[in-house]
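Protein chains in written order, with my numbering: chain A, 351 to 618; chain B, -4 to 118. Cβ atoms here follow ideal geometry from the backbone N, Cα and C, with glycine treated the same way. Read the structure below first, then the notes.
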Amino acid sequence: MRSSRRQNLIFRSTCSSRYVCQRSWTRHDDGGGKGGSTWVQVYTGPALCLNLLIYQDVFKMIPTPDLSHLTRADYEHVYEPAEDTFLILDALEEHADELKKMAPLTCLEVRDAYLVSSVKYWVLRRYIYVPTSTRTPAEVPLEQIHLDVVHTSLAHPLHTRLKHSIDIILFNPPYVPTVAEELLDAQDLKGIEGSWAGGQDGMQITNKLLDEVDVLLSPHGRMYLVALKENNIPEIQLRMKNLYNLQSTVSFVVIAYAVRFNESVFSR
Amino acid sequence: MVRLITHNLLACHAKGCNSNNFPLPFSNVQIEIREAEFNPEFLKAFLPKIEWKALVDTAKQLGDMSLPLEQPEMMDDDFLKSFHHVLLEIHVEEGVMTCPNCKHEYPISNGIPNMLLAEHEIG
Chain A
351 MRSSRRQNLI FRSTCSSRYV CQRSWTRHDD GGGKGGSTWV QVYTGPALCL
401 NLLIYQDVFK MIPTPDLSHL TRADYEHVYE PAEDTFLILD ALEEHADELK
451 KMAPLTCLEV RDAYLVSSVK YWVLRRYIYV PTSTRTPAEV PLEQIHLDVV
501 HTSLAHPLHT RLKHSIDIIL FNPPYVPTVA EELLDAQDLK GIEGSWAGGQ
551 DGMQITNKLL DEVDVLLSPH GRMYLVALKE NNIPEIQLRM KNLYNLQSTV
601 SFVVIAYAVR FNESVFSR
Chain B
-4 MVRLITHNLL ACHAKGCNSN NFPLPFSNVQ IEIREAEFNP EFLKAFLPKI
46 EWKALVDTAK QLGDMSLPLE QPEMMDDDFL KSFHHVLLEI HVEEGVMTCP
96 NCKHEYPISN GIPNMLLAEH EIG
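If you want it as structure tokens, here you go:
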């Protein structure tokens, strides 16, 4: 079911953007290899749109994203759910039992800001991205999940109140290696380019958030991050372990996650 | 979609603003009330994360007096329903949040608070 949808989505990506397409295929080629391309999601910009999801029963099931509200014009401006989105869904599904046991109360997804600034708007519905063309968030049927969006840079305004309190962080960063100018241009223009241009090693934005993760994660919290092989995943893992004692795993094709193994480690 | 649950988690993060920077009082607000599913288990679990006085004061500012000044020890249904309403059903669609310390203003537009800072304001 999902794989047929995935084909659809790749096809659409191919139509809308060479780079998006390229990104998908890059990952695709790596698929199946050990430690393949990446990990998870958090995301971007000097301006970040930060989705704050607070819902206790989010892992009951993960339906395939409903894209029926999208129009053709939306695909010109919105990076719709593609391979990396499905990677996260697959990872969350794979870990569904653990995550249910964890009973997460507060989850954080960091995403691209231009989606908000351009009135286009993505929400995470039960961990599904639902890009919408609605004019206001109010038109999104979100009453059943407690999800609020904050337009900010990384998670700074949450540091005071959510220190060591976030159970799950999702980050699908702009991870494609580009020259520095392309990253700067992408951030200035606040266009769809901001969803992939990652500067040197594709890590310029990701590194900023990685520096905050330790402050935000709860004692049993974990972060899912999407990354490419070119981002040097072993180096990311080693750095997070050495600096913050955060363990990580690269899960099937592409997913790695940082986990605090036990409270004693965390409450140092 | 600035509901009070989110408002209760946001602090001013301007450069050098480290104390008296929470909560951020509202002004010039437009409010909408939208019904949300009542989930007592979620409310009980989330209660310890809430800064109670900040929530009560903010609700009062928005005209809702239903919460007790002190967090009750016994959580009966009446209390949970008031808590639910204040936390999840009051949406601030437009307005401004102002830091009590540095007076930085964070606008809210279309229900989304803009917490971005200018380059020189970033700590």
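Contact set between residue i and chain B, taken where Cβ atoms lie within less than 7 Å
{"i": "PRO507 of chain A", "result": "LEU5, ALA6, HIS8 and MET110"}
{"i": "SER515 of chain A", "result": "LYS44"}
Counterpart residues of residue i in DSSP-defined beta bridges
{"i": "VAL51 of chain B", "result": "Note: VAL51 of chain B sits in no beta bridge, so no partner."}
{"i": "SER104 of chain B", "result": "B:ILE107"}
{"i": "GLU570 of chain A", "result": "Note that residue 570 of chain A corresponds to His in the displayed sequence, not to Glu. Answer is none; HIS570 of chain A lacks a bridge partner."}
{"i": "GLY90 of chain B", "result": "B:ILE103"}
{"i": "ILE26 of chain B", "result": "B:VAL87"}
{"i": "ALA9 of chain B", "result": "B:ILE117"}
{"i": "ARG(-2) of chain B", "result": "B:HIS86"}
{"i": "VAL565 of chain A", "result": "VAL565 of chain A pairs with nothing; no bridge assigned."}
{"i": "PHE78 of chain B", "result": "For PHE78 of chain B, which the question treats as bridged, DSSP gives no partner whatsoever."}
{"i": "TYR21 of chain B", "result": "A quick correction: the sequence has Phe, not Tyr, at residue 21 of chain B. PHE21 of chain B is bridged to B:MET92."}
Sequence-distant residues of the same chain with beta carbon closer than 8 Å to residue i, five excluded per side
{"i": "MET110 of chain B", "result": "LEU5, HIS8 and TYR101"}
{"i": "GLN56 of chain B", "result": "PRO20 and PHE21"}
{"i": "SER14 of chain B", "result": "ASN96"}
{"i": "PRO67 of chain B", "result": "PHE74"}
{"i": "PHE513 of chain A", "result": "With the sequence shown as reference, residue 513 of chain A is identified as Lys, and Phe is not the correct amino acid for it. Cβ within range, chain order: VAL565 and LEU566."}
{"i": "PRO507 of chain A", "result": "VAL500"}
{"i": "ASP379 of chain A", "result": "Legend: pLDDT at ASP379 of chain A = 25, less than 50; position of this residue unreliable, value from coordinates given subsequently. Excluding sequence neighbours, ASP379 of chain A sits near nothing in its chain."}
{"i": "ASP59 of chain B", "result": "HIS80, VAL81 and ILE85"}
{"i": "PHE361 of chain A", "result": "Interpretation of PHE361 of chain A is limited by its pLDDT of 25, a score under 50 that renders its predicted location unreliable; the figure taken from the coordinates is listed afterwards. Answer for PHE361 of chain A: no residue qualifies."}
{"i": "TYR594 of chain A", "result": "VAL563 and ASP564"}
Cut-off 7 Å between Cβ atoms - residues of its own chain near residue i, not counting five sequence neighbours on either side
{"i": "MET411 of chain A", "result": "Confidence in MET411 of chain A is poor, its pLDDT being 39 and thus under 50, which makes the residue's placement unreliable; the coordinate value appears in the next sentence. Nothing meets the Cβ criterion."}
{"i": "ILE45 of chain B", "result": "ASN3"}
{"i": "LEU(-1) of chain B", "result": "LEU50, THR53, ALA54, VAL81, LEU82 and ILE85"}
{"i": "GLY385 of chain A", "result": "Only weak support exists for where GLY385 of chain A lies, its pLDDT of 23 falling under 50; the value from the coordinates is given anyway. For GLY385 of chain A, where only same-chain residues beyond five positions count, the Cβ hits under 7 Å are ILE583 and VAL600."}
{"i": "VAL87 of chain B", "result": "VAL(-3), PHE21, VAL24, ILE26 and ILE103"}
{"i": "GLN372 of chain A", "result": "The predicted model places GLN372 of chain A with a pLDDT of 20, which falls under 50 and marks its position as unreliable; any figure quoted below should be read in that light. Taken in chain order, the list of residues that qualify is empty."}
{"i": "LEU64 of chain B", "result": "VAL51"}
{"i": "TRP47 of chain B", "result": "GLN66"}
{"i": "LYS10 of chain B", "result": "GLU116, ILE117 and GLY118"}
{"i": "THR456 of chain A", "result": "ILE404, LEU512, SER515, ILE516 and ASP517"}
{"i": "SER617 of chain A", "result": "Here SER617 of chain A scores only 23 on pLDDT, less than 50, and its place in the model should not be relied on; the value that follows carries that caveat. For SER617 of chain A, where only same-chain residues beyond five positions count, the Cβ hits under 7 Å are PRO569."}
Cutoff 7 Å: residue i Cβ touching any chain E Cβ
{"i": "ILE107 of chain B", "result": "Among the protein chains of the structure shown, namely A and B, there is no chain E."}
Listed by chain order, chain B residues near residue i by CB distance under 8 Å
{"i": "HIS501 of chain A", "result": "ILE107, PRO108, ASN109, MET110 and LEU111"}
{"i": "ASP498 of chain A", "result": "MET(-4), VAL(-3), ARG(-2), ILE0 and THR1"}
Within chain B, partners of residue i - CB distance below 9 Å
{"i": "THR510 of chain A", "result": "LEU4, LEU5, ALA6, CYS7, HIS8, ASN13, ASN16 and PHE17"}
Beta-carbon proximity list for residue i, same chain, < 6 Å, skipping 5 on both sides
{"i": "VAL91 of chain B", "result": "SER22, ASN23, GLU100 and PRO102"}
Hey, is the segment 523 to 531 of chain A in contact with the segment 555 to 562 of chain A, meaning 3+ C-beta pairs nearer than 8 Å?
yes
Looking at chain A, which residues of the segment 80 to 98 of chain B have a Cβ within less than 7 Å of any of its Cβ atoms?
LEU83
Cβ contact check for the segment 70 to 77 of chain B and the segment 11 to 30 of chain B: 3 or more pairs under 8 Å
no
Return the residues of the segment 11 to 27 of chain B that lie within a Cβ-Cβ distance of less than 8 Å from chain A, sorted by chain order.
ASN16, PHE17 and GLU27
Of the residues that make up the segment 519 to 539 of chain A, which ones have a beta carbon closer than 7 Å to any beta carbon in chain B?
none
Residues of the segment 562 to 575 of chain A in Cβ contact with chain B at a cutoff of 7 Å, in chain order, please.
none
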